[in-house]
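Notes follow the structure.
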Amino acid sequence: MEVLETQRLTIRGFQPEDWEDLHEYLSREEVVRYEPYGVFDEQGSQAEALRRSADPAFWAVCLKESGKMIGNLYFQQQEPLTFRTGELGYVFNSAFHNKGYAAEACQRLLEYAFCDQQVRRVTAHCDPRNTPSWRLLERLQLRREGHLLQTGYFKHDHEGHPLWHDTYAYGILDSEWLNSSQADSQRRKV
Ligand SMILES: CC(C)(COP(=O)(O)OP(=O)(O)OC[C@H]1O[C@@H](n2cnc3c(N)ncnc32)[C@H](O)[C@@H]1OP(=O)(O)O)[C@@H](O)C(=O)NCCC(=O)NCCS
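Mapping of the sequence shown onto numbering that gives the first Met the number 0: position 173 corresponds to residue 172, and the numbering continues sequentially without gaps.
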């Protein structure tokens with residue numbers, strides 16, 4: 000697995016030793032609120048870091064300065080592979096939100112996907128109530144392609160009824176990404 004760099008971040012494959020940094024955020028309710036799982040205990044985080052170490056879809060995002068892992072990206076090429084479509088996901092430690100780290104890491108991964116992996120289309124999905132998530136996607140220039148109603152549930156209410164959630168579907172094509180990143184670099188030159 001490649002190691003990607005940005006100004007402030009190193010983006011690399013997971014290692015089993017990442018479990019403590021992983022636990023620091025997977026044990027926080029505000030981080031897992033919209034994820035298909037609940038908070039992790041220490042044993043669960045150890046197993047999860049091990050599992051992710053063998054799964055190239057997971058990328059650990061680390062601060063260059065200290066090496067601390069502050070979050071992760073997820074990028075899974077969809078079947079059939081000939082469609083060259085990948086699904087993007089991200090989860091960051093809430094102690095490191097609102098600093099532009101998620102956008103910086105995703106931007107680099109999109110560049111890698113479109114320029115080095117010949118990906119043609121990237122999709123992402125989130126709960127409409129997860130405002131930081133869709134704001135991030137729009138900052139990355141993904142287009143909202145739909146608001147899907149009651150697509151599923153991850154949790155139940157206290158009477159055991161499913162808590163159905165909606166989904167925003169987002170997407171961007173390689174041609175759109177190229178145009179927007181060329182426009183960005185033109186803007187930076189001015
Ligand atoms: C979704 C998530 C990754 C977004 O993280 P984030 O920190 O809001 O996103 P960014 O890295 O793009 O940071 C953007 C904010 O940092 C601010 N910022 C501060 N310093 C900055 C800098 N040096 N560079 C860029 N932005 C900076 C920006 O102004 C922006 O704030 P704004 O939205 O009020 O304008 C985060 O909320 C998260 O991990 N949530 C829990 C897990 C989750 O729900 N995942 C998604 C499931 S679909």
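All C-beta atoms in this analysis are idealised placements derived from N, C-alpha and C, irrespective of residue type, glycine included.
Since this is a predicted model, take the numbers as computed values, not measurements.
Residue i beta carbon near ligand 1 (any heavy atom closer than 8 Å)
i	result
V38	no
K63	no
F95	yes
D183	no
K98	yes
F74	no
G88	yes
N129	yes
V121	no
F153	no
R51	no
S132	yes
C125	yes
R138	yes
V30	yes
Cβ neighbour criterion (16 or more within 10 Å) applied to residue i
i	result
Y163	It is Trp, not Tyr, that sits at residue 163 in the sequence shown. Exposed, because fewer than 16 other Cβ atoms sit within 10 Å of the Cβ of W163.
A190	Residue 190 cannot be examined here, being either before or after the span of the chain that is shown, 0 to 189.
G70	buried
H22	buried
L139	buried
A46	exposed
S44	buried
V60	buried
Beta-ladder partner(s) of residue i, from DSSP
i	result
Y36	DSSP, once it has assigned bridges, lists no residue as partnering Y36.
L62	L8
R142	G170
For this session: Kindly confirm or deny that the stretch 110 to 117 and the stretch 143 to 152 touch, where touching means at least three C-beta pairs closer than 8 Å.
Result: no
Problem set entry | At least 3 beta-carbon pairs within less than 8 Å: the stretch 27 to 44 vs the stretch 83 to 98 | yes
Problem set entry | Sequence ranges, alpha helix (DSSP H) only - wholly within the stretch 73 to 120, length at least 4 | 100 to 110
For this session: Would you be able to state if there are at least three C-beta pairs under 8 Å between the stretch 73 to 85 and the stretch 8 to 22?
Result: no
Problem set entry | Sufficient close CB pairs (3 or more, under 8 Å) joining the stretch 37 to 54 to the stretch 7 to 14 | yes
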